[in-house]
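Here the structure is laid out as structure tokens; the discussion comes afterwards.
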Amino acid sequence: MNINVIGGGLAGVEVAYKLSKNGILVNLYEMRPQKMTNVHQTPYLAEVVCSNSFKSKELRNAKGLLKYEMDRLDSLVLKMAYRSEVPAGKSLNIDREKFAKLITGYIENDENINIIREEKKDISEDELNIIATGPLTSEALSANISKILNKGSLYFYDALSPIIDGNSIDKEKTFYGLRYEKGEGKILNFPMDKEEYLQFYNELINAEKVKMKDVDSGIYFEACLPVEEIAQRGEDALRFGPLRPVGFREYIDHKPYAVAQARPETALYDSFELIGFQTRLTFSEQKRVLSLIPGLEKAKIIRYGIMHRNTYINSPEVLNKYFQTKNNKNLFFAGQITGVEGYVESAASGIITGLVVTQMLKSTGEIQLPDESTMIGNLIKYITTLPEKKFQPMSSNYGLIKREKKEKREDLIERSKISIEKYREDQRKRGVIFD
Ligand SMILES: Cc1cc2nc3c(=O)[nH]c(=O)nc-3n(C[C@H](O)[C@H](O)[C@H](O)COP(=O)(O)OP(=O)(O)OC[C@H]3O[C@@H](n4cnc5c(N)ncnc54)[C@H](O)[C@@H]3O)c2cc1C
């Protein structure tokens, strides 16, 4: 039987890697470059499309703990992320091109993985399929998924922040530093006085936006609101959000009125992504409004902010806890299309689907999952358990893992470490190969 992983993104490469490691031959379908999404820009597998940050490395941070567990389960994405790391304090930030090239090179050289560069539109019941086509799943496949699952796909809209050419920034008006954090500052800050802020704010709320039917009727993911949408909530909304002027040692005596921030995109500091500036302003308006921020008067925008469609299925209704569809045991899902939210979470779900399919094909006995002492185990549970309210995408957070209010983070970390080690060892004894 053919084993097909559809989509060579962060989840798809983890699934293919896990199966290959375990001696299972797989076809990996990737439609790029033959057919591009409206966000991806390269032919590489595992292209990271927006921020270059895999977020915190600290275990006290949920994403840090998730990464620790993924590391123990032999994550290809993390292995290559560490090899392409760009210094960013406590955060794991990557050089996106180096990262994607490393992953692509690795998968291309893997004899068990056959990369097929074409858009997969149909799903055959005679093959085992793992759909990992992400938030920008092609329309033909989306339509077929809806048919197969007998449910319409859900969707919401998300937005990208602009990236600025570092050489076009007037650095004299900026400073490097992290809000409230000690250590080396790697974030570029743009302080503004009251007059500058108010001018920027007034132009922002009145700027021309790209019209989008669904967005205009208010379908947003609350954690990823466009900057102009936050601004609409009041004159100070941005000063309590992405432009808050607090936590900088440089300004003990004289606090700026607002501080915009930008994250370096590469180790060379030659381009910067504005933080929290997701937007659907028209391109010309982005140029005009951003130039009102001191330091960005002559900014050259390398990539404009845009809105995009984010497709995900109603997982609790259609999947069991193994990311397997309830009505077809040979059809699995992985990645953001299941409703996990974020690069790291998508890769994590790819690891789990890879492990599930490996156990199934190697007949290792009853399929085992990491338990609820782990961040990854709780994420799976959230995604596949029927919610009380409407199902919403979810990223890792300590709320998922806590059993009692009073539990200390150190205890949760310890419990996760013990549990993931036991899981790995149990799997290994049953014949699953890691590393
Ligand atoms: C614009 C945008 C901005 C984002 N910003 C962030 C961010 O800043 N931080 C963050 O953590 N997450 C962000 N995300 C979410 C991010 O996409 C996911 O977290 C992650 O990339 C999802 O991984 P995935 O493997 O599920 O999908 P992807 O990485 O998107 O991979 C899916 C792959 O499937 C391919 N494909 C699609 N349809 C087909 C088909 N029919 N046949 C063959 N191949 C197909 C695509 O070309 C793609 O390569 C953003 C997403 C988008 C779209």
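Under my numbering, think of the first position of the sequence shown as 8, with each following residue one higher.
No residue lacks a Cβ here, since even glycine has one placed at the ideal position from N, Cα and C.
(message) In the DSSP output, which residue or residues are listed as bridge partners for N34?
(response) N34 pairs with N11, N121.
(request) Give the single residue among S27, K178, I13 whose Cα lies nearest to the Cα of K369. (result) For the residues S27, K178, I13, the minimum Cα distance to K369 belongs to S27.
(message) Helix, strand or coil, according to DSSP, for T360 in the structure here?
(response) Helix at T360.
(message) For A53 and G112, which I take to be in contact (beta-carbon distance under 8 Å), what is that distance rounded to the nearest angstrom?
(response) So it is not a contact: roughly 11 Å between Cβ atoms.
(message) Pull the bridge partners of H315 from the DSSP assignment, please.
(response) Note: H315 sits in a beta bridge opposite D165.
(message) Quick check: I31 and I10, are their CB atoms within less than 8 Å of each other?
(response) Yes, Cβ-Cβ distance for I31 and I10 is below 8 Å.
(message) For G384 and L376, which I take to be in contact (beta-carbon distance under 8 Å), what is that distance rounded to the nearest angstrom?
(response) Yes, G384 and L376 are in contact; Cβ-Cβ is about 6 Å, under 8 Å.
(request) Could you say which of I320, V33, G248, Y389 lies nearest to M401 if we only look at CA atoms? (result) Residue Y389 is the option with its Cα nearest to M401.
(request) Tell me whether the beta-carbon of A214 lies closer than 8 Å to the beta-carbon of E292. (result) Yes. Within cutoff.
(request) Taking A166 as the reference, give the member of L35, I313, L185, I387 with the closest Cα. (result) Cα-wise, what sits closest to A166 is I313.
(message) I need the boundaries of the beta strand (DSSP E) containing N209, first residue and last residue.
(response) Going by DSSP, N209 is part of no beta strand (DSSP E) but of the alpha helix (DSSP H) stretching over 201-213.
(request) Would you check whether ligand 1 has a heavy atom nearer than 7 Å to the C-beta of R39? (result) The answer is yes for R39.
(message) Is it the case that the region 169-188 contacts the region 334-345, given that we only count it when at least three CB pairs across the two stretches are under 8 Å?
(response) No contact exists between the region 334-345 and the region 169-188.
(request) Report yes or no: is there a C-beta of chain D within less than 8 Å of the C-beta of Y208? (result) Chain labels in this structure do not include chain D; a single protein chain is all it has.
(request) Closer than 8 Å by C-beta to D200: which residues in its own chain qualify, once you throw out the five before and the five after it? Chain order, please. (result) Apart from sequence neighbours up to five positions away, the residues of its chain that approach D200 with a beta-carbon distance below 8 Å are P263, Y264, ordered along the chain.
(message) Checking 8 Å against the spacing of the C-beta atoms, do G342 and F398 come in under that value?
(response) No, they are not a contact pair.
(message) Please classify S149 as buried or exposed, where buried requires at least 16 other C-beta atoms within 10 Å of its C-beta.
(response) So S149 counts as buried.
(request) Reducing DSSP to helix, strand and coil, say where V249 ends up. (result) For the record, residue 249 in the displayed sequence is Pro; it is not Val. Here DSSP, grouped into helix, strand and coil, assigns P249 to coil.
(request) Pair every Cβ in the region 18-26 with every Cβ in the region 351-369, then say whether three or more of these pairs are closer than 8 Å. (result) Yes: at least three Cβ pairs fall under 8 Å.
(message) Would R270 and S58 qualify as a contact pair, given that the criterion is a beta-carbon distance under 8 Å?
(response) S58 sits close to R270, with the two beta carbons spaced by under 8 Å.
(request) Assign Y329 to one of two classes, buried (16 or more other C-beta atoms within 10 Å of its C-beta) or exposed (fewer than that). (result) A residue is called buried once 16 or more other Cβ atoms fall within 10 Å of its Cβ, and Y329 is buried on that count.
(request) State the beta-bridge partners of R270 as determined by DSSP. (result) Bridge pairing for R270: E280 [DSSP].
(request) Assign M401 to one of three DSSP states: helix, strand, or coil. (result) M401: strand per DSSP, three-state reduction.
(request) Report all residues from its chain with a CB closer than 7 Å to the CB of E348; omit the five preceding and five following residues, and keep chain order. (result) In chain order, P400, M401, S402 place their CB closer than 7 Å to the CB of E348, counting only its own chain and leaving out the 5 sequence neighbours on each side.
(message) The beta strand (DSSP E) that contains F61, what's its start and end?
(response) Per DSSP, F61 belongs to the beta strand (DSSP E) from 60-63.
(message) Going by beta-carbon coordinates alone, are I308 and G141 separated by less than 8 Å?
(response) Taking 8 Å as the Cβ cut-off, I308 and G141 do not qualify as a contacting pair.
(request) Put N68 into one of helix, strand or coil per three-state DSSP. (result) It is coil, neither helix nor strand.
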